[in-house]
């Protein structure tokens with residue numbers, strides 16, 4: 037059975053504090069470990085944690101951007117674009 041996300045994260049933090057030579061990171065095959073194994077597991081857990089988040093609502097209603105008087109393309113770039 038897979039551990040819950042908070043439990044998995046706690047195991048990763050504990051492994052980071054103890055070191056990979058004393059504890060195998062969760063989700064990594066037993067055997068000699070490198071620091072990159074722990075970082076890979078932490079990166080995957082971070083993606084899992086952030087995937088379920090919804091963006092916060094803006095504090096105030098968004099206003100349209102002001103009109104931009106510049107041309108969409110600089111005049112010198114026009115001839116290059118057509119070729």
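Numbering (the numbering used here), first residue to last: 37 to 119. Ideal placement from N, C-alpha and C gives every residue a C-beta, glycine not left out.
- The stretch 61-78 makes no contact with the stretch 90-98, as fewer than three CB pairs between them are under 8 Å.
- Contact between residue 78 and residue 54 is absent: CB atoms are separated by about 14 Å, not below the 8 Å threshold.
- Contact between residue 86 and residue 41 is absent: CB atoms are separated by about 11 Å, not below the 8 Å threshold.
- In the displayed model, residue 69 falls within coil according to three-state DSSP, outside both helix and strand.
- In the structure shown, residue 82 falls within a helical segment according to DSSP collapsed to helix, strand and coil.
- Counting along the chain, residue 89 sits inside no alpha helix (DSSP H), nor does DSSP assign it H or E at all.
- For residue 54, the enclosing alpha helix (DSSP H) stretches over residues 41-54.
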